[in-house]
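Undergrad: Here it is, the structure, as structure tokens.
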Amino acid sequence: LGMPPWKVRKAQGQVRSWRPEAIAGAVALTAQLNADVKGASPDPAYALERAVLLLCAAHGTR
Numbered sequence: 292l293g294m295p296p297w298k299v300r301k302a303q304g305q306v307r308s309w310r311p312e313a314i315a316g317a318v319a320l321t322a323q324l325n326a327d328v329k330g331a332s333p334d335p336a337y338a339l340e341r342a343v344l345l346l347c348a349a350h351g352t353r
């Protein structure tokens, strides 16, 4: 993974509370956010705010 063992353990602990579908959605949302803040969106600040809300909602669903 290219990460120190302690970072791998920390990431494994954090991901346990996420469903696989939610992780996939979060990765896609992060890719879209990356494009939005680099010019694809007319309002990067709103794109960031929206992404945070959607990520929180994705994590909260079970």
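The numbering used here puts the sequence shown at residues 292 to 353.
Glycine included, C-beta positions come from ideal geometry on N, C-alpha and C.
Roughly how many whole angstroms lie between the Cα atoms of Arg301 and Pro295?
TA: Per the sequence shown, residue 301 should be read as Lys rather than Arg. Going from the Cα of Lys301 to the Cα of Pro295 covers about 10 Å.
Undergrad: Based on Cα-Cα distance, which residue from His350, Asn325 and Gln305 lies nearest to Ala338?
TA: Ranking the options by Cα distance to Ala338, first place goes to Asn325.
Undergrad: How about Val343 and Pro335: are their beta carbons less than 8 Å apart?
TA: Their beta carbons are not under 8 Å apart, which means Val343 does not touch Pro335 by this criterion.
Undergrad: What number of angstroms, rounded off, separates the C-alpha of Val306 from the C-alpha of Leu345?
TA: Their backbone Cα atoms lie some 17 Å apart in a straight line.
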